[in-house]
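Colleague: The structure that follows is given in the form of structure tokens.
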Amino acid sequence: MSTESDTQLDQLPLDAWHRAKGARMVPFAGYEMPVQYEGIIAEHLWTRENAGLFDVSHMGQLLFHGRGVDSALEKLLPGDLLSLADMKLKYSLLLDENGGIIDDLMATRRGDDFYVVVNGATKYADIHVFENRLPREIVVDHMKEQALLALQGPRAAEVLETRVPGVSELSFMEGRAFDAFGQPLWISRSGYTGEDGFEISVPGGAAHELAEALTKNEAVKPIGLGARDSLRLEAGLPLYGHDLSHETTPVMAGLTFAINKRRRAEGGFAGALRILAEMQNGPVQKRVGFDVAGRQPVREGAIVLDDDSNEVGRITSGGFSPSLQRPIAMGYLASPLAAVGTAVKLEARGKLFDATVAAMPFVPHHYHRKGAA
Amino acid sequence: MSLYFTKDHEWVRVEGDSATVGISDHAQEALGDIVFAEVPEAGKQVSKGQEAAVVESVKAASDVYAPVSGEVTEGNPAIADDPAIINRDPEGEGWFFKLKLANAAELDGLMDEAAYREWVKTL
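Here the protein sequences line up with chains A and B, keeping their order. In this text, residue positions in the first sequence follow numbering that gives the first Met the number 0: the first is 0, and each later residue adds one. In this text, residue positions in the second sequence follow numbering that gives the first Met the number 0: the first is 0, and each later residue adds one.
Shown next, in the form of structure tokens:
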């Protein structure tokens, strides 16, 4: 198995800034990235109560243009892009011909173009897939010069509004172009922590000024990858390469909300045959949450056992929940056992742990939905 | 009383034939926020280099190896109840277990405090 340290790592535009802020840098997705500053638990709780600034510039920012870009993308993604309104975001999945997940992503209609944010570790492979499978008239522009910062937490809107007037008018899963700091910014109300917040696409050269300006506010601290992982796990959000892979379909992963009624009726996307059949008949396995008894975290790779010690599933993410102060996990489990409350055993490090199937999210989402009750 | 360290970042403090074992400040710093610790019970025989305790941070699980052989006389219940003690005071209140030394000669291969502090600077 190759390790990331074998290969040359890229540096983020904010590399020096992270180090000056006391970050511990680790290899991740081909970059040296900040895993923590003062400590994962403190950063996690800060984000839940205030506002955390995350550097997610490793993620791939792609711009698709060309005639019929929406219908062309619909061949690869199962989401309803044709009726996606201008400046609106949609969570979707890049699928292989078997319905396996190549990546999960966020797609936004920006005028005639689609702006798509994909995972860092998969971005080059994704671009390859898009270029090979989209018709020639669709051009994929990898916006390498753009950094991506996320400001997340209950105070994110209040903080960002002071620097970018008007931004708090955005509702969840909506974006817009702004001018601030003398720079063009693309800001969407989105993120991956379960909290209200924003993702800010900024020219790499201006990222430093933006990060400095935001962290000058006493409500904002820089937050590392470690807390990003524990926050998204509490929010029940799957992470590609762990909870999602070529081996999982959107149906197994519980992501069928990303396939709307029209696409279900019409099909016509990669893997549609298998996915539509799975939707009808039910998947063999389902992604579920687990409450783990005791204090010891159970991590990715642990095996799920039924009462008769049969292997019935596998943990794909697991750890200690800083908000709940107890271990939680996510994984795949045989569908007949996937009802909330079912007791199972987890096997890890030569030990058995009691666990029960739990509803997700573990910690409620706090998204800013306009007009929501 | 003498203090020794291993290359696996355990420390052992020896008084007569009694030894107290924990993990170094460097180890707790590298692990980050510690959320779980499991210590051996009194009466357990441990041998040098063998897994004797478990410590888990938010990020990762690690084994704590016995720096020397002997019979465990006491595990520290305080760190099982509040594992963050190990972050706060790794070389004091955050001790893992005490044992009765089986072979004092095993201490000879360990680093003294000055040598260990110098060595971790090179890591």
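Even for Gly, the Cβ is constructed at its ideal location relative to N, Cα and C. What you are looking at is a predicted structure, and each value in this text was computed from that prediction instead of being measured.
1. Leaving out five residues before and five after Gly383 of chain A in sequence, what residues of the same chain have Cβ atoms less than 8 Å from its Cβ?
2. Using three-state DSSP, classify Trp94 of chain B as helix, strand or coil.
3. Nearest to Tyr90 of chain A by CA position, among A:Arg154, A:Ser308, A:Gln324 and A:Ile258, is which residue?
4. Return helix, strand or coil for Arg154 of chain A, following the three-state DSSP convention.
5. Tell me, please, which residues DSSP counts as bridged to Val356 of chain A.
6. How would you write the range of the beta strand (DSSP E) that Gly281 of chain A sits in, first residue to last?
7. Taking CB distances under 8 Å as the criterion, tell me whether Pro296 of chain A reaches chain B.
8. Just to make sure I have the definition right: I need the residues of chain B whose C-beta is within less than 7 Å of the C-beta of Ser229 of chain A. Which are they?
9. Please list the residues of the region 323–354 of chain A that have a C-beta atom closer than 7 Å to any C-beta atom in chain B, keeping them in chain order.
10. If you measure from the beta carbon of Gly38 of chain A to each beta carbon in chain B, is any gap under 8 Å?
11. Are Leu147 of chain A and Gln60 of chain A closer than 8 Å when you measure CB to CB?
12. Just to confirm my understanding: we take Thr2 of chain A, look at its own chain, exclude 5 residues before and 5 after, and list those with CB closer than 7 Å. What are they?
13. Against chain A, which members of the region 25–47 of chain B pass a CB distance test of less than 8 Å?
14. Would you kindly work out how many angstroms separate the C-alpha atoms of Ala333 of chain A and Ser200 of chain A, rounded to a whole number?
15. Given a threshold of 16 other Cβ atoms within 10 Å of its Cβ, counted over all protein chains shown, does Ala372 of chain A qualify as buried or as exposed?
16. Determine whether the Cβ of Thr2 of chain A lies closer than 8 Å to any Cβ atom of chain B.
17. Counting only the same chain and skipping the five closest in sequence on each side, list residues whose C-beta sits under 6 Å from that of Met0 of chain A.
18. Contact defined as beta carbons within less than 8 Å: I believe Thr355 of chain A pairs with Asp290 of chain A. What is the distance between those atoms, to the nearest angstrom?
19. Could you say if the region 144–162 of chain A and the region 189–204 of chain A meet the contact criterion of at least three C-beta pairs nearer than 8 Å?
20. For a quick check, are the C-beta atoms of Lys74 of chain A and Ala264 of chain A less than 8 Å apart?
21. In chain A, which residues lie less than 9 Å from Ala60 of chain B when you measure between Cβ atoms?
22. Just list the beta strand (DSSP E) runs in the region 68–114 of chain B, keeping only unbroken ones of 3 residues or longer that don't cross its boundaries, in chain order.
23. Please report the distance separating the alpha-carbon of Tyr114 of chain A from that of Lys285 of chain A.
24. What number of angstroms, rounded off, separates the C-alpha of Arg66 of chain A from the C-alpha of Ala328 of chain A?
25. Rounded to a whole number of angstroms, what is the C-alpha to C-alpha distance between Asp69 of chain A and Leu275 of chain A?
26. Taking all protein chains shown into account, decide if Gly51 of chain A is buried (16 or more other Cβ within 10 angstroms of its Cβ) or exposed.
27. If you reduce the DSSP assignment to three classes, tell me which class Phe256 of chain A lands in.
28. Secondary structure at Gly318 of chain A, three-state DSSP: helix, strand or coil?
29. Going along chain B in order, which residues have a C-beta closer than 9 Å to the C-beta of Gly21 of chain A?
30. How many Å lie between Glu70 of chain B and Pro39 of chain B at the Cα?
31. Are Thr72 of chain B and Leu98 of chain B close, meaning C-beta to C-beta below 8 Å?
32. Return no unless some Cβ of chain B is closer than 8 Å to the Cβ of Gly377 of chain A.
Modeller: Quick answer:
1. Since the first residue shown for chain A is 0 and the last is 372, residue 383 of chain A is missing from the structure and cannot be characterised.
2. Position 95 of the second sequence holds residue 94 of chain B. Looking at Trp94 of chain B - three-state DSSP - the assignment turns out to be coil, as it is neither helix nor strand.
3. For this step, residue 90 of chain A is matched to residue 91 along the first sequence. Measuring from the Cα of Tyr90 of chain A, the nearest candidate turns out to be A:Ile258.
4. For this step, residue 154 of chain A is matched to residue 155 along the first sequence. Arg154 of chain A: coil per DSSP, three-state reduction.
5. Position 357 of the first sequence, counted from the start, is the residue given in the question as residue 356 of chain A. Beta-bridge pairing links Val356 of chain A to A:Phe289.
6. As a working mapping, residue 281 of chain A is identified with position 282 in the first sequence. Run containing Gly281 of chain A: none; DSSP gives neither H nor E here.
7. In the first sequence, counting from the first residue as 1, residue 296 of chain A sits at position 297. Yes, its Cβ sits closer than 8 Å to a Cβ of chain B.
8. Reading the first sequence from its first residue, position 230 is the one you call residue 229 of chain A. Val57, listed in chain order.
9. Arg348
10. What you label residue 38 of chain A is simply residue 39 of the first sequence in a count that begins at 1. Yes, contact with chain B.
11. Working through the first sequence from its first residue, we reach residue 147 of chain A at position 148. Working through the first sequence from its first residue, we reach residue 60 of chain A at position 61. Cβ distance < 8 Å, so Leu147 of chain A and Gln60 of chain A count as in contact.
12. As a position in the first sequence, residue 2 of chain A is number 3, starting the count at 1. Here Thr2 of chain A scores only 43 on pLDDT, less than 50, and its place in the model should not be relied on; the value that follows carries that caveat. Answer for Thr2 of chain A: no residue qualifies.
13. Gly31, Asp32, Val34, Phe35 and Glu37
14. Position 334 of the first sequence holds residue 333 of chain A. Position 201 of the first sequence holds residue 200 of chain A. Spanning the two alpha carbons is a distance of roughly 40 Å.
15. For the purposes of this step, residue 372 of chain A is identified with residue 373 of the first sequence, where counting begins at 1. Any reading at Ala372 of chain A must be qualified, since the residue scores a pLDDT of 40, below 50, and its modelled position is unreliable; no value is offered.
16. As a working note, residue 2 of chain A is residue 3 in the first sequence. Only weak support is given to the placement of Thr2 of chain A: the predicted model assigns it a pLDDT of 43, under 50, and the value that follows is read from those uncertain coordinates. False, the Cβ-Cβ gap to chain B never drops below 8 Å.
17. On the first sequence, residue 0 of chain A is found 1 positions in, with the first residue counted as 1. Here Met0 of chain A scores only 37 on pLDDT, less than 50, and its place in the model should not be relied on; the value that follows carries that caveat. Closer than 6 Å at the Cβ level, and outside the excluded window around Met0 of chain A, lies no residue.
18. Residue 355 of chain A sits at position 356 when you count from the first residue of the first sequence. Residue 290 of chain A sits at position 291 when you count from the first residue of the first sequence. Between Asp290 of chain A and Thr355 of chain A the Cβ distance is about 5 Å, and since that is below 8 Å, they are a contact.
19. yes
20. Taking the first sequence and counting its residues from 1, one reaches residue 74 of chain A at position 75. Taking the first sequence and counting its residues from 1, one reaches residue 264 of chain A at position 265. The answer is no: Cβ separation not under 8 Å.
21. As a first step, residue 60 of chain B must be located in the second sequence, where it is residue number 61. Result: Gln295, Pro296, Arg298, Ala347 and Arg348.
22. 69–74 and 96–100
23. As a working note, residue 114 of chain A is residue 115 in the first sequence. As a working note, residue 285 of chain A is residue 286 in the first sequence. The straight-line gap from Cα to Cα measures roughly 30 Å.
24. Against the first sequence, residue 66 of chain A aligns to sequence position 67. Against the first sequence, residue 328 of chain A aligns to sequence position 329. Answer to the nearest angstrom: the Cα atoms are 44 Å apart.
25. Numbered from 1 along the first sequence, position 70 holds the residue referred to as residue 69 of chain A. Numbered from 1 along the first sequence, position 276 holds the residue referred to as residue 275 of chain A. Answer to the nearest angstrom: the Cα atoms are 21 Å apart.
26. Here residue 51 of chain A refers to the residue found at position 52 when the first sequence is read from its first residue. Result: buried.
27. Along the first sequence, read from residue 1 onward, the residue named residue 256 of chain A stands at position 257. Note: Phe256 of chain A maps to helix in three-state DSSP.
28. Within the first sequence, numbered from 1, the residue matching residue 318 of chain A stands at position 319. Reduced to three states, the DSSP call for Gly318 of chain A is strand.
29. Residue numbering aside, residue 21 of chain A sits at position 22 when the first sequence is read from its first letter. Residues of chain B passing the Cβ test: none, with the nearest at roughly 12 Å.
30. Indexing the second sequence from 1 puts residue 70 of chain B at position 71. Indexing the second sequence from 1 puts residue 39 of chain B at position 40. The alpha-carbon atoms of Glu70 of chain B and Pro39 of chain B are separated by roughly 10 Å.
31. Translated into the one-based positions of the second sequence, residue 72 of chain B becomes position 73. Translated into the one-based positions of the second sequence, residue 98 of chain B becomes position 99. Cβ atoms of Thr72 of chain B and Leu98 of chain B: closer than 8 Å.
32. Only positions 0 to 372 of chain A appear in the structure, and residue 377 of chain A is not among them; the question remains open.
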